[in-house]
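Read in order, the letters of the sequence shown correspond to residues 1 to 583 in full-length UniProt numbering. These notes concern the structure reproduced below.
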Amino acid sequence: MYRLLSAVPARAATPRGCAWGCGRRAAHQRAGLPKLGPGWVGGLGLGLGLALGMKLAGGLRGASPAPPPAAPDPESPILSEPLPPQEQPLAPWSPHTPVPPHARRFARAIDSSRDLLHRIKDEVGAPGIVVGVSVDGKEVWSEDLNSMYFLDFHTFILQRVKLDLNRFLEGLGYADVENRVPCKPETVMRIASISKSLTMVALAKLWEAGKLDLDIPVQHYVPEFPEKEYEGEKVSVTTRLLISHLSGIRHYEKDMKKVKEEKAYKALKMMKETESDQEKDLKEKGGKSNEKNDFAAKTKIEQDNEAKSRNSKPCKKKNDFEQGELYLKEKFENSIESLRLFKNDPLFFKPGSQFLYSTFGYTLLAAIVERASGYKYLDYMQKIFHDLDMLTTVQEENEPVIYNRARFYVYNKKKRLVNTPYVDNSYKWAGGGFLSTVGDLLKFGNAMLYGYQVGLFKNSNENLLPGYLKPETMLMIWTPVPNTEMSWDKEGKYAMAWGVVEKKQTYGSCRKQRHYASHTGGAVGASSVLLVLPEELDAEALNNKVPPRGIVVSIICNMQSVGLNSTALKIALEFDKDRSDIP
């Protein structure tokens, strides 16, 4: 190290080195500053080398604060000149690094959430994961931004954490394993079925403008979609039924028998659980005098259910990632052309009778958006993204250069990490084909939360701007729909392109179920979630605060089949504990 540094002044003495060194020295003298000594280059190199070494050592130890910087050398104008504010170097992080008061408010929630994400990442073996959290909708970086570096000992990569007064963003692991590109808040990934919630905004805007009727047959807008029958009876498929997955249009599984058997098996299982709960309640009310009768009735019900289960046990159904259509490589020019994949297939259920999650239903909704708006679907969506300031959200295409785009991964049969195969998502942009960042998803979630709450604040603050969607529209969107399911949280129901869990508490001083809305996503090599936890508003908050009030969490991951909703809910509740009123 000494020999390397000592060679620097020697090089500066050579004619070539003099040309470089003397040019810098001449500029220095022209500025009217004191004359530089012959060893200034070596001093500079030594100073930078020592500073770099101490910075790395401090970051690796993590237990001691970084040493104070050396006093400026009057003979070195380069170091004495202050950098512009945006170029100030970041200090290494350690447990003793001073934390601003507003950062300390969420310190416990951040530590707890980071630990939870590391656990999830390690359990599923995800290459990378990015999380974003906003509190009360403030998404502009504050001037006293606390940026820090820390060493992630799980993946041995240096990452940047961004933390401000109301938003926490962090990337863990790799966006690109092969090239060792770490995840960061700007990383762009597939958001999968969160795309359905984005499409709902387009439908809602058209409905508000009177250009779309949610309750007339879809053939009014898209005559290319044939009229349907179910068991010989003519039936109508409407936009409203499509939005809530009640249309009967299939998902990726084409075998109607397998789908119906699985639905029947789930219904029987649910009925058995309900009957068990009812028997328990009756037994508690009836007392011990009815124990023998209850036991006999219970035995008979169990025998009947076991017989039904044996007769109706479903055939093994492929999961979505075993379906060929999920890996389509064909490029479709527009939504109308994509309809040929499923438009002639029979309905699996009578519209409105049963919930059947269907991404193809949203392909039909994209065609409806085109006809009702007069614009191509993607053009109309880009206008919405512009209005919402979601500048990094785009449809996924292979050809364009998309900066910060991650690669996507899966484990093969030998449990080795491999790249996912190439897929073209042009047939399902509306239901699962967009790319985005956690920051853009936070903006979207807060725009929805603002529209949901602004009507409540109007009486106390008439100067509030209107929401992107009207309060009555948001109330409709976040109202659970009968006969639906929320697969990622059994406590909830599907609403209109969102899953919604309602507020509930059965027993005093026991579990309290919070009201929230969310949507998860699963695509080839990707998993995602966007969750909105509204604040439980009281009269004081309505009089003294402005919307949005609540926690929004977004998580994206470049590994498929990773359940993230429960993680997002836990993170939201952790931040909700630590939140305090913002002046």
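All residues carry an ideal CB built from backbone N, CA and C; glycine is no exception. All values reported here derive from a predicted model rather than from experimental measurement.
With 16 or more other Cβ atoms inside 10 Å of its own Cβ, Tyr221 counts as buried. With a 10 Å radius around the Cβ and a threshold of 16 neighbouring Cβ atoms, Asn446 comes out buried. Listed in chain order, the non-local C-beta contacts of Tyr377 below 6 Å within the same chain comprise Ser335, Ala366, Val369 and Glu370, local neighbours out to five positions each way being set aside. The C-beta distance from Thr520 to Val529 rounds to 5 Å, short enough to fall under 8 Å. Residue state for Ile384 is assigned as helix, using DSSP reduced to three classes.
As computed with DSSP, Thr520 is found in a beta bridge with Val529. Glu233: member of the beta strand (DSSP E) spanning Glu233 to Val235, first to last residue.
Judged by DSSP in its simplified three-state form, Met189 adopts strand. In the same chain as Leu212, and ignoring 5 residues on each side of it, the C-beta atoms closer than 6 Å to its own belong to Leu206 and Ala372, in chain order. C-alpha of Leu464 to C-alpha of Gly132: approximately 26 Å in a straight line.
Per DSSP, the continuous beta strand (DSSP E) segment holding Ser554 begins and ends at Gly550 to Cys557.
In the DSSP annotation of this structure, the continuous segment of the beta strand (DSSP E) that includes Asn419 starts and ends at Leu417 to Asn419. Rounded to the nearest whole angstrom, the C-alpha separation of Gly550 and Gln453 is 10 Å.
Leu441 and Phe348 have their C-alpha atoms spaced approximately 33 Å apart. Counting only runs of at least 4 residues, the region 399-483 fully encloses the following alpha helix (DSSP H) elements, listed from N- to C-terminal order: 429-432, 438-457 and 471-477. The way I'd put it, the region 175-189 does touch the region 403-422; three or more beta-carbon pairs between them come closer than 8 Å. Below 8 Å, enough C-beta pairs join the region 340-358 and the region 245-252 to call them touching: three or more.
Pairing Val500 with Glu491 gives a Cβ-Cβ distance that is not under 7 Å. In the three-state reduction of the DSSP assignment, Ile129 falls in the strand class.
Taken through DSSP and simplified to helix, strand or coil, Ala539 comes out as helix. In this structure, the straight-line span from the alpha carbon of Glu536 to that of Asp578 is close to 15 Å.
Assignment of alpha helix (DSSP H) within the region 178-223, counting only whole runs of 4 or more residues, yields 194-208 in chain order. The three-state reading of DSSP puts Asp176 in strand, counting E and B together.
Within a 10 Å sphere around the beta-carbon of Thr506 sit fewer than 16 other beta-carbons, which makes this residue exposed. Residue pairing of Pro534 in beta bridges, as defined by DSSP: Gly550. With contacts defined by Cβ atoms closer than 7 Å, Cys183 and Gly125 do not form a contacting pair. Taking C-beta atoms under 8 Å as the contact rule, Val218 and Thr238 qualify, at a distance of about 7 Å.
Straight across, the Cα-Cα distance linking Tyr450 with Pro547 is about 5 Å. One alpha carbon belongs to Tyr327, the other to Leu241, and they sit about 27 Å apart. Secondary structure at Thr238: strand, using DSSP grouped into helix, strand and coil. In this chain, the beta strand (DSSP E) harbouring Lys228 covers Lys228 to Tyr230. Around the beta-carbon of Tyr422, fewer than 16 other beta-carbon atoms lie within 10 Å, marking it exposed.
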